[in-house]
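Be aware that the sequence shown starts at 3, since it is given in the working numbering, and climbs by one per residue. Presented below is the structure to which this report refers.
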Amino acid sequence: MKKMRNRGAIRPKVTTMPRSKSEASNQLELYKLVTEQQRIKQELNFIEQRTVLLKQRLITLQTQIEGTERNIQNLRSSDTNPHSPISYAQIPFESNNYQTFEIEY
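Next up, the structure:
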């Protein structure tokens, strides 16, 4: 199973040099914030879709588990039934049914 590491809080990307206070720097900051917001929304949407798929798979697995358990119970109850088919131990073994031959290689 894949281990998920604890990422902690999501931190914004850090720029190395502070920008001067101007309209252009504020526009750039706005662009970076909106871009990060869109990225996070897309990631949340992907996580929600994945969660739905995983829940559906869990439901399918639970149904299969219950069906398999029912089959096991049915097989157990039919094994105790005296009218069950002939088991392999009751079939006589005859060795004269086999033909042998040699292969040279």
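Just so you know, even glycine gets a beta-carbon here, dropped at the ideal spot from N, CA and C.
Cβ pair residue i, residue j closer than 9 Å
i	j	result
isoleucine 61	isoleucine 42	no
Euclidean distance between Cα positions of residue i and residue j
i	j	result
serine 24	leucine 30	10 Å
lysine 34	phenylalanine 48	21 Å
threonine 37	glutamate 50	20 Å
leucine 56	isoleucine 67	16 Å
valine 54	serine 80	39 Å
asparagine 73	glutamine 64	14 Å
Element boundaries [alpha helix (DSSP H), containing residue i]
i	result
isoleucine 12	From DSSP, isoleucine 12 is part of no alpha helix (DSSP H); its letter is neither H nor E.
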